[in-house]
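Student: In the numbering used here, the protein residues as written are 727 to 1167.
Beta carbons: idealized from backbone N, C-alpha and C, even for Gly.
The structure that follows is given in the form of structure tokens.
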Amino acid sequence: MPFSKLELHPDLLRGIKELGFTRPTAIQADAIPPAMAGRDVLACAQTGSGKTAAFLLPILHKLIDKPRRTTRVLVITPTRELAAQILADLNDLAVHTPVTGAAVFGGVSMGPQEHAFRSGVDVIIATPGRLLDHFKQPYAKLPGIEYLVLDEADRMLDMGFLPDIRRVLKHIPAKRQTLFFSATMPPPIMTLVRELLHDPAMINLERQSKPAVGITQALYPVPQELKSSLLLTLLQRGEMQEVLVFTRTKHRANRLHAFLTKNGIPAERIHGNRSQAQRTDALAGFKKGKYRVLVATDIVARGIDIEELGHVVNFDVPLVPEDYIHRIGRTARAEATGDAFTFVSNEEESEIRSIERVLGKRLPRVTIPDFDYKAKAAVALEVPIAERIAAIRARKSDERARAKEKAARRAASPSAPSATASRGSGPRKPARGRTPKGSRP
Ligand code: AMP
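What follows is the structure, given as structure tokens:
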């Protein structure tokens, strides 16, 4: 079916054509007509399915000929990256229309976002926390909202945002059209759906938990401590050019990034402890080809939109199958092809089995000829917990011993200058606050 069948405004069709979209994806073909007819929509959609355009296009269609200066659309998303990505998609699709949008998320200054509220941009795309911060201010009123979109609702649930979403809902009109997108529909999400949606058109609900087609998936069994070397080997042999690598923790992301950089692979990292500016730079550098590897934690798995990303590597096996599907949805976006490799240590076999159950098939297992699977680890990404605890205990007992010694010394000569003061070159006097009681003048 061509886009023209959807009866979208000609100015939108121009934007779509310039983006090179020739026909609607399945979710677009299913969701756009009921949304244009004014119905609430409940859609089960993975990233990579074209879901962003599925909710933006019908809304843009309705906004085009409306007077401006009132915010009519609120899109709520879990992460900053996703908010920024949706805004970029909106700007692309709406390029030949007067419709305006702004993204509202934490980690950057409130000022320009305040301006967006005051000037009444047509569409606000927000993460829940920052939106609630704005709602504390008198300028942030949204009485004109006619369309609400909840994107990646299940991810917002995972991130603990459900109470925030309920708070946000108190600030916007109850009479509105709601478009609700989620990759999975666990019970708390269904409760929210029943509260929010009226007689929704249901899209794709039976097709959940299937990754996009065109992805070649493979497992690489490897001892935990050799995962870094295996990745390096695959990169050095040119088996993958650019690759998005997911690790389980921020710490592992940092260590892996350091390991790759030390071994001459241009790499960056992106996770919850990085500032917004650092995340944006990392992503932009990766998209431009400055970095071959972008190491990321799950928090950003959704919302990273990179065209023609050939490879995703799960450096660690995701704990839940849905995360696996989301991560590998980063490759093979909308009908392209890509590879998704998952490194599996012995300890991770049971997670792999649940993933295979959800996928309904066994994944092929690959070993690399002449990779030394028995080698000693080049670096340990993590100091084992027992060793870490032992190190902390040793440090603490050392500190206690030193404090004891110091107290004993002070007791022996109450007027002795303190260590800090003695380092100075001027006349010696006891440092403030360090003088033992009783020796003060
Ligand atoms: P999304 O699932 O919204 O994150 O979109 C996934 C990717 O597919 C984005 O890079 C879009 O630009 C692209 N895309 C969306 N709709 C289409 C379409 N109809 N044809 C080709 N690509 C599309």
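#1: Quick check: D766 and Q903, are their CB atoms within less than 8 Å of each other?
#2: Using the rule of at least 16 other Cβ atoms within 10 Å of the residue's Cβ for burial, across every protein chain shown, is R806 buried or exposed?
#3: Roughly how many angstroms separate the alpha carbons of G990 and L800, rounded to a whole number?
#4: Determine the burial state of L768: buried for a count of at least 16 other Cβ atoms within 10 Å of its Cβ, exposed for fewer.
#5: If you follow the alpha helix (DSSP H) that L858 is part of, which residue opens it and which one closes it?
#6: Is the beta carbon of V971 less than 8 Å from the beta carbon of L982?
#7: Near A979, which residues of its chain fall below 6 Å by C-beta distance, leaving aside the five closest residues on each side in sequence?
#8: Quick check on the burial criterion: 16 or more other C-beta atoms within 10 angstroms. Buried or exposed for E1074?
#9: Can you name, in chain order, every residue of its own chain whose Cβ lies under 7 Å from the Cβ of E1082, other than the five neighbours on each side?
#10: Just to confirm my understanding: we take T826, look at its own chain, exclude 5 residues before and 5 after, and list those with CB closer than 6 Å. What are they?
#11: Out of R1079, L952, D815, S954, point me to the one whose CA is closest to T778's CA.
#12: When you measure from the CB of R749 to every non-hydrogen atom of ligand 1, does any distance come out below 7 Å?
#13: Apply the 10 Å Cβ neighbour rule to L918 and answer buried if 16 or more other Cβ atoms are within range, or exposed otherwise.
#14: On the DSSP letters alone, give me the boundaries of the beta strand (DSSP E) that N1040 sits inside.
#15: Name the DSSP beta bridge partners of M928, please?
#16: Quick check on A866: does DSSP put it in helix, strand or coil?
#17: List the residues that DSSP assigns as beta-bridge partners of F1069.
#18: Consider the C-beta atom of A761 and the heavy atoms of ligand 1; say whether any pair is separated by less than 7 Å.
#19: For L738, which beta-bridge partners are listed by DSSP?
#20: Any heavy atom of ligand 1 inside 7 Å of the beta-carbon of S775?
#21: For ligand 1, I want to know if A757 counts as a neighbour, meaning its beta carbon is within less than 7 Å of at least one of the ligand's heavy atoms.
#22: Taking 7 Å as the line, does the beta carbon of A779 fall inside it for any heavy atom of ligand 1?
#23: Which two residues bound the contiguous beta strand (DSSP E) that contains G827?
#24: Using only CA atoms, which one of A755, E733, R749 lies nearest to K788?
#25: Is it buried or exposed for L738, if we count other Cβ within 10 angstroms and need 16 for buried?
#26: Across which residues does DSSP place T797 in a beta bridge pair?
#27: Answer with buried or exposed for E1048, where buried requires no fewer than 16 other C-beta atoms within 10 angstroms of its C-beta.
#28: Is it true that the CB of R856 sits closer than 8 Å to the CB of F831?
#29: What does the Cβ neighbour count give for L745, buried or exposed, with the cut at 16 atoms within 10 Å?
#30: Rounded to whole angstroms, what's the CA-CA distance from R1059 to R1053? Just pull it up for me.
#31: Mark R1005 as exposed unless 16 or more other C-beta atoms lie within 10 angstroms of its C-beta, in which case mark it buried.
#32: Just the C-alpha distance for M928 and H1037, rounded to the nearest angstrom, thanks.
#33: Quick check on this structure: which residue in P1095, V1092, P760, A1129 has the alpha carbon closest to the alpha carbon of H1173?
#34: H897 and L868 look like a contact to me (Cβ under 8 Å); what is the Cβ gap, rounded to whole Å?
#35: Taking the beta carbon of R881 as the centre, do at least 16 other beta carbons fall within 10 Å, making it buried, or is it exposed?
#36: Mapping the DSSP letters down to three states, classify S845 as helix, strand or coil.
Tutor: A quick look at the data gives this:
#1: In this structure, Q903 lies closer than 8 Å to D766 by Cβ.
#2: Here R806 is buried, its C-beta having at least 16 other C-beta atoms within 10 Å.
#3: Here the alpha carbon of G990 sits roughly 44 Å from the alpha carbon of L800.
#4: Buried is the label assigned to L768, since at least 16 other Cβ atoms lie within 10 Å of its Cβ.
#5: Run containing L858: 854 to 861, per the alpha helix (DSSP H) assignment.
#6: Cβ distance < 8 Å, so V971 and L982 count as in contact.
#7: Hits under 6 Å: T973, R995, H997, V1021, T1023.
#8: A residue is called buried when at least 16 other Cβ atoms come within 10 angstroms of its Cβ; E1074 meets this threshold and is buried.
#9: Result list for E1082: R1088, L1089, in chain order.
#10: Sequence-distant Cβ neighbours of T826 in its own chain, meaning closer than 6 Å and more than five residues away, are V847, D848.
#11: Per the Cα distances, D815.
#12: R749 has its CB nearer than 7 Å to a heavy atom of ligand 1.
#13: In summary, L918 is buried, with 16 or more beta-carbon neighbours lying within 10 Å of its beta-carbon over all protein chains present.
#14: Counting along the chain, the beta strand (DSSP E) containing N1040 begins and ends at 1037 to 1040.
#15: Looking at the DSSP output, M928 sits in a beta bridge with L768.
#16: In the three-state reduction of the DSSP assignment, A866 falls in the coil class, being assigned neither a helical nor a strand state.
#17: Y946.
#18: No.
#19: Answer is none; L738 lacks a bridge partner.
#20: For S775, the shortest separation between its Cβ and any heavy atom of ligand 1 lies below 7 Å.
#21: No - ligand 1 has no heavy atom lying nearer than 7 Å to the Cβ of A757.
#22: Annotation for A779 indicates a beta carbon within 7 Å of some heavy atom of ligand 1.
#23: From DSSP, the beta strand (DSSP E) with G827 extends over 827 to 830.
#24: The option with the nearest alpha carbon to K788 is E733.
#25: Buried.
#26: DSSP lists no bridge partner for T797.
#27: That one is buried.
#28: Contact flag set, yes.
#29: By the 10 Å Cβ count, L745 comes out exposed.
#30: Summary for R1059: the model assigns pLDDT 46, below 50, so the residue's position carries little reliability; its value from the coordinates is reported in the next sentence. C-alpha separation (whole angstroms): 11 Å.
#31: Burial check for R1005: the Cβ neighbour count within 10 Å reaches 16 or more, so the residue is buried.
#32: Taking the straight line joining both Cα atoms gives about 32 Å.
#33: Since the first and last residues shown for the chain are 727 and 1167, residue 1173 lies out of range.
#34: About 6 Å separates the beta carbon of H897 from that of L868, a gap short enough to meet the 8 Å contact definition.
#35: By the Cβ-count criterion, R881 is buried, with 16 or more other Cβ atoms from all chains shown falling within 10 Å of its own Cβ.
#36: Annotated three-state conformation of S845 is helix, per DSSP.
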